[in-house]
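Trainee:
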Amino acid sequence: MSRPEKGKVPTDGGAGLGQNPFAGALGGLGNLASAPAQAASPSPAATGSGAAKAEDGSGKNRGRVDVLRTTAGRGGKTVTVAKNFIGIGGAEKEALCKKMRAAAGCGGTVKDGVIEIQGDQREVVARVLREAGFRPVMAGG
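Under the working numbering, the first residue of the sequence shown is numbered 5, with each subsequent residue one higher.
1. To the nearest angstrom, how far is the alpha carbon of Gly93 from that of Ala76?
2. Check this for me: beta carbons of Gly137 and Arg73, under 8 Å apart or not?
3. Where does the unbroken beta strand (DSSP E) through Val71 begin, and where does it stop?
4. Answer with buried or exposed for Pro140, where buried requires no fewer than 16 other C-beta atoms within 10 angstroms of its C-beta.
5. Can you look up Gly93 in the DSSP assignment and give me helix, strand or coil?
Structure below.
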């Protein structure tokens, strides 16, 4: 290996870094990718039927969601609002909104983490939320 010129960093790979502190501890584990997939997740029979439902997104207790009817700031138009979701992201809210629009046969959107469905569709929205495992609570008039 030749010496680099003064002020330049060698780029030829250089010598090895020496002893790897993880070589001894991890060397005996073999290929980690070949670990059985069943060991990471418990079987539904061992955990009961409630856990099996929770895995596919239709678990019983995913939290309380407020369902209300409002006209404020909409020129007198009635809108059904589902809000106060806990633990779900925007993609799942979009999917729920799509199911609600299809079930109610009307338009709707997700704005600022709140699902808005056109018209007084509280019963339809509550049914879709119940099927998804949420606990809808009617609020407002």
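Every residue gets a Cβ at the ideal spot worked out from N, C-alpha and C, and that includes glycine.
Mentor: In short:
1. When rounded, the distance between both Cα atoms is 26 Å.
2. Going by C-beta atoms, Gly137 is not nearer than 8 Å to Arg73.
3. Per DSSP, Val71 belongs to the beta strand (DSSP E) from 68-74.
4. Counting Cβ neighbours within 10 Å, Pro140 comes out buried, since at least 16 surround it.
5. DSSP places Gly93 in coil when its eight states are reduced to three.
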